[in-house]
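Once you know that position 809 of the sequence shown is 809 in UniProt numbering, the rest is easy, because the numbers rise by one and skip nothing.
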Amino acid sequence: MEAAETDREHYNSDPHAMEDLQKIEKFVATLSYGKDLFPSTRSLLSYSFGKRSISEMFRSSMTNPDYADKCRKMSKIICSAAVDAITSSDLQSGLSKENDELESLLFFWEVYQIREVQNLLESEDVEALEDAINRISRLVHKSDVDKSVLSKLPASFLTHLNVEACNANLPLFRRDLTEQSSASEHEANISPVQAFIMRFEKELEKMRVGDTDMDSLKELGTLKLNENISSKDARQLSEKIVSVTLIAERSPELGQALFASLENFFYMLSDEAKAMLTKLMYDKHVSETDDLPSLGAFLQDYSSGITQCINQIGDHNEIQNDAAKFKITRDKLLWYLLMIPRETVSRLLIQSLEDKNIVPGVINTLRSCRAVSETAIVSENISGGRVPLVIDLVVSIFSNEAHRWTVTEQQDRLVYLLTALCRRRRTAKEKADGAAAEQVPTGTRDESVVDGGMLLKLFVLPNLMKRTQETLMLKLLHRFMQSVGTKEIHFNWTTGIGEKRPDAVQGPELVLLVVELFMEYESKRQQASYICRSILKCLGEKLKNDDVVFAKDTIEFVLFSLRQYYWWIRYAIVNWFSHTLEEPKQQIPTGLYKSLALEQQERCEQISVDFSFSPAECFFRSFFELAIFDVGLASDFLQKGISMHPRDENVVEKMALALVESLEQTHSRQPVASLAPLLLDLLRILDPAQEVRFVETLCESTFHGLRLIQHILLIATATQIAYYKNSDKALNNCPISANIITDTAHVASELLQAFCELSKAHAEKEVINLRRSRYPFPPEIKEDYLPPPQITIRRDERVYAQLSALFNVACSLTRIVAQPPLSLQVLINCLAELLLEVQKMRITPALDDLPPDNYKSNVVYAYAQPSHTKKQDGISSNKEADPSRANGAALDAKTCCVENELFNATTFRGKGSHAEVLATARQINGVHMRQNAEKRLTSKENPTSVVTPSTTSTEQRDGAGKSMKKKRGAKRR
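In structure tokens form, the structure reads like this:
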């Protein structure tokens, strides 16, 4: 992104910037060492730059940020030369018609105009130029000056010196009548904007002395000009306007006329000049009336005008696609912000809550009017000092619109609006010069409309302390701590308990407050508790990015305060705020501590207890307590390495039992399904021995498939344990332990739901990959876990093994669940359909099924048998066929459909009933086997299908003839 912004800067730069920079360098070198080669400095300018002005050359060079420093150095040399030319000449004694003096003035005027180039001159250079222009102005306004000399100066120079006003104050008999022709020529060169400024200044002077020409002032209010006014003229005229506004407010007619002229003047200003005028107006009214201006009485129908402007703001795309239209709307809103700021800002904020699409346009408008954020006023809603207008209105709207905040959508809109008001974004990237290989990027930022720290201290934290709209305030605090791309909210932080600064947020107190709110809402309000945990994560990251480190006594106090909470909460907070707390040692239970290597144990502290326990059970129990609270922290713990493994004896059952007990004793926890990747990693590290109950034979493909679902099978085992624990009468008769926080039945339901979700998602993914692998040109399939490279895995066999195992486990769960939930029913139906589909895919030609392609001849070998042998064979075959048919009929009578069994809520489920006969993957496969067996038995019982030696070959020939005719007919078709 930084590279893209840099490329954009170079793309926007003038392509002739380097050429113009070289011309300026040659001019400076000649000015310093070869000035005597030219008759005057003016001629040197003409030789170096031709018809282009020196300000135009600098403006072109400054478009490339890489040339900025060189331009500033050269501008300092040129400014010093121009000031020295004025100081060293004979101008101090008066003006004359000498060419040297005129050349010095012309050269100085050329240099003076480079003030308009942004970010070029430093303050000391500007002050030197202003001092010189003031000396020239005093000299020109002397009564005995030779006015004929001024006719040779540019009209813009004369306008800047205000020569006409000086000459007009002279008595008629002392005026130089020879200058009439030059004066008329000067008036002809004055632009309409300059004429407007001169007339407006005259009317303001008359208003100050009480001699207002109302008709002339009203006429100025009807002029519509599209040209811009220079910053110097804008500053001077703005100061004069602000000085008479309080006078105009006393008379409605005078006020309407003045502010109509002011509106025309306002639209001719640049954005910087508009902001400057607004700041002057606010400061004037605050100093005089202790409040912002409210001049709506002098405007015509301003309420409908504000509404029309708000409706024309548009969303972000409309602003980008039609920037000119938005600028017109923004200028109109800035005018209303100048005249009636309180009502305008209030309307903008309220409408932003109604339509969040206009928020970017509102932020753009308010950012263009910095006075709204910088001017502090006395607030009726916030006690203790002055606050900016926007913060005062935010508090007022929150109090007056209390009915909004019960709706989640309105809460989110307020969070979005306030976050946008407080965020600042990086607008340009510059790389600092240096010899290092890696250059540190620096950038300028668009300042936020509202100071986020001030809004946090004056609005968010007071409501949290009073427990007012806690969820809304926590959402807002969470967004304040987040950084989205290049956008962020800047805070100044304190580092000690009890430290207070007006411009800083109390960091330690904020951390302890959020921890306290988290523990308070953990068992009451899950949403608020989850937001608090997210706040702690983001707050720790933000303090780390801001390089905030608490004082040592504050660190000790924070760590001591965390002792009252569960060990995994202290572990998480110390991990998230490790940089701020100076990397303290983690306190972990004995099972986790003893499983680590020695170098890892040195970074931790063992929690000692006064009762006996099993270290292996402690390991599993502690690990799942941490994992249920935060999966990422448990995963990071696994990354440290497990050097001491538990004994490989019923490890899966121990893990399942520990998972159930951990879920029973925690309030705030992650969804059980989110533990799946962590469980898979833990099983791969421990590699426990497991009993394969779902398949009779094993191969590499089957074994690999079972490894892919071992974490799901672990959750299934935990589900069975939870249901057995909940349904066992002996355990139910025992008193409930005080440590159990969550009901066991609820835990069992959560585990079952997680098993169904994970099984269905995994099965569907595996079958989809199997289908893709059978394409003529199969795509690359990403595998979660790869087998050893020297082993070939058959995907159909792998998928079939997984589906069979999951189907059997799902069916077995129906035995212990009183009423199978909908998720389990959907899972069983889904697995059954996928099993049938995979079985069809597995039916492929095999080597055993191929014809032998032996040599065919017309010789028939027949063996005759005695008649009594054939009868006995027929009897035995009938005896063998009848039991199978009887058994098939009995099996058909006793086989119950899985769907009917599961979905029939009225079926009595008891031991010994036919409800226990459940369909398995083997039975589904057996349906096809049974059908094939019945077909073979039927063919054996049918005597007409038996070929005897006495059979004539005529039928064979007829049949062969018919078949040959069919083949020929098929060929002709």
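Glycine included, C-beta positions come from ideal geometry on N, C-alpha and C.
Fill in: Contact between the stretch 787 to 804 and the stretch 759 to 766 (3+ Cβ pairs under 8 Å)
Contact holds between the stretch 787 to 804 and the stretch 759 to 766, because three or more Cβ pairs, one in each stretch, are under 8 Å apart.
Item to complete: Give the DSSP-derived three-state secondary structure of E130 in the structure shown.
Response: Helix.
Worksheet item: Taking the Cβ atom as the reference point for each residue, do A748 and N726 lie within a distance shorter than 8 Å?
Response: Taking 8 Å as the cut-off, the beta carbon of A748 is found closer than this to the beta carbon of N726.
Worksheet item: Between the stretch 646 to 657 and the stretch 613 to 630, do at least 3 Cβ pairs fall closer than 8 Å?
Response: As far as the Cβ criterion goes, the stretch 646 to 657 touches the stretch 613 to 630, which means the pair count is three or higher.
Worksheet entry | Paired residues, beta bridge with T494 - DSSP | Looking at the DSSP assignment, T494 forms a beta bridge with Q506.
Worksheet item: Does DSSP put Q720 in a helix, a strand or coil?
Response: Secondary structure at Q720: helix, using DSSP grouped into helix, strand and coil.
Worksheet item: What residue ranges within the stretch 793 to 827 form continuous alpha helix (DSSP H) runs of no fewer than 4 residues, ordered along the chain?
Response: You should have 795 to 813.
Fill in: Short Cβ contact (8 Å threshold) for L835 with L803
For L835 and L803, yes; Cβs fall inside 8 Å.
Practice prompt. Take every Cβ of the stretch 601 to 611, pair it with every Cβ of the stretch 542 to 561, and state whether three or more of those distances are shorter than 8 Å.
Written response: Here the stretch 601 to 611 makes no contact with the stretch 542 to 561; the two share fewer than three CB pairs at distances below 8 Å.
Worksheet entry | the stretch 659 to 674 / the stretch 716 to 723 touching (three or more Cβ pairs under 8 Å) | Output reads yes: the stretch 716 to 723 touches the stretch 659 to 674.
Worksheet item: Would W567 pass as a contact of F629 if the rule is Cβ separation under 8 Å?
Response: Against a cut-off of 8 Å, the Cβ pair of F629 and W567 comes out as no contact.
Worksheet entry | Start and end residues, beta strand (DSSP E) containing R386 | For R386, the enclosing beta strand (DSSP E) has its first and last residue at 386 to 388.
Worksheet item: DSSP on C699, reduced to helix/strand/coil?
Response: Looking at C699 - three-state DSSP - the assignment turns out to be coil, as it is neither helix nor strand.
Fill in: Coil, strand or helix - C71 by DSSP
In the structure shown, C71 sits in a helix (DSSP, three-state: H, G or I).
Worksheet entry | Complete runs of the beta strand (DSSP E) confined to the stretch 249 to 285 [at least 3 residues] | None, since the stretch 249 to 285 contains no complete beta strand (DSSP E) of that length.
Worksheet item: Exposed or buried, what is E899 when buried is set at 16 or more other beta-carbons lying within 10 Å of its beta-carbon?
Response: Bear in mind that the predicted position of E899 carries a pLDDT of just 43, short of 50, making it unreliable; the figure below should be weighed with that in mind. Residue environment: E899 is assigned as exposed (fewer than 16 neighbouring CB atoms within 10 Å of its CB, all protein chains considered).
Worksheet item: Could you give the C-beta distance for T212 and K218, rounded to a whole number, given that I count them as a contact under 8 Å?
Response: About 11 Å separates the two Cβ atoms, so there is no contact after all.
Practice prompt. Leaving out five residues on either side along the sequence, give the residues of the same chain with a beta carbon under 8 Å from the beta carbon of I190.
Written response: The answer, listed in chain order, is A155, T159, M198.
Item to complete: Measure the Cβ-Cβ separation of A234 and A371 and say whether it is below 8 Å.
Response: No. Outside cutoff.
Worksheet item: Relative to the C-alpha of L596, which residue among C532, K640, L204, L539 is closest?
Response: Distance from the Cα of L596 is smallest, within the candidate group C532, K640, L204, L539, for K640.
Worksheet item: In the DSSP assignment, what are the bridge partners of V378?
Response: Answer is R386.
Worksheet entry | Supposed contact pair N364 and R330 - C-beta distance, whole angstroms, cut 8 Å | R330 to N364, Cβ: 7 Å. Contact.
Item to complete: Evaluate K542 with the Cβ neighbour count: other Cβ atoms within 10 Å of its Cβ, from every protein chain shown; 16 or more gives buried, anything less gives exposed.
Response: Burial call: buried.
Practice prompt. Tell me whether the beta-carbon of R42 lies closer than 8 Å to the beta-carbon of I86.
Written response: Contact flag unset, no.
Worksheet item: By Cβ distance, which residues of its chain are closer than 8 Å to L31, with the 5 residues on each side in sequence left out?
Response: For L31, the CB contacts under 8 Å within the same chain, skipping 5 residues up- and downstream, are T41, L44, I77, I78, A81 in chain order.
Worksheet item: With a cut-off of 8 Å, do at least 3 Cβ pairs link the stretch 327 to 343 to the stretch 406 to 420?
Response: At 8 Å Cβ cutoff, the stretches do not touch.
Worksheet entry | C-alpha distance - L334 paired with L225, whole-angstrom precision | In this model, L334 and L225 are separated by some 18 Å (Cα to Cα).
Worksheet entry | In DSSP terms, what I588 is bridged to | DSSP output for I588 lists Q606 as bridge partner(s).
Worksheet entry | Burial state of K537, where buried means 16 or more other Cβ atoms lie within 10 Å | Buried, because 16 or more other Cβ atoms sit within 10 Å of the Cβ of K537.
Practice prompt. With DSSP collapsed to three states, give me the class of F27.
Written response: Shown here, F27 sits in a helix according to DSSP, grouped into three states.
Fill in: Residue from R563, L106, E582 with nearest C-alpha to I588
I588 has its Cα closest to that of R563, out of R563, L106, E582.
Item to complete: Starting from R570, trace the alpha helix (DSSP H) both ways and give me its first and last residue.
Response: From DSSP, the alpha helix (DSSP H) with R570 extends over 567 to 576.
Worksheet entry | Assigned secondary structure, T344 (DSSP; H/G/I helix, E/B strand, else coil) | Helix, per DSSP.
Item to complete: Compute the Euclidean distance between the alpha carbons of W576 and L682, then round it to the nearest angstrom.
Response: For W576 and L682, the distance between alpha carbons rounds to 23 Å.
Fill in: Selected residue, minimal CA-CA separation from V838, among Q819, S230, S773, F777
Closest option to V838, Cα to Cα, is S773.
Worksheet item: Starting from G34 and walking both ways along the alpha helix (DSSP H), at which residues does that stretch end?
Response: Secondary structure note for G34: it is in no alpha helix (DSSP H), with a DSSP letter that is neither H nor E.
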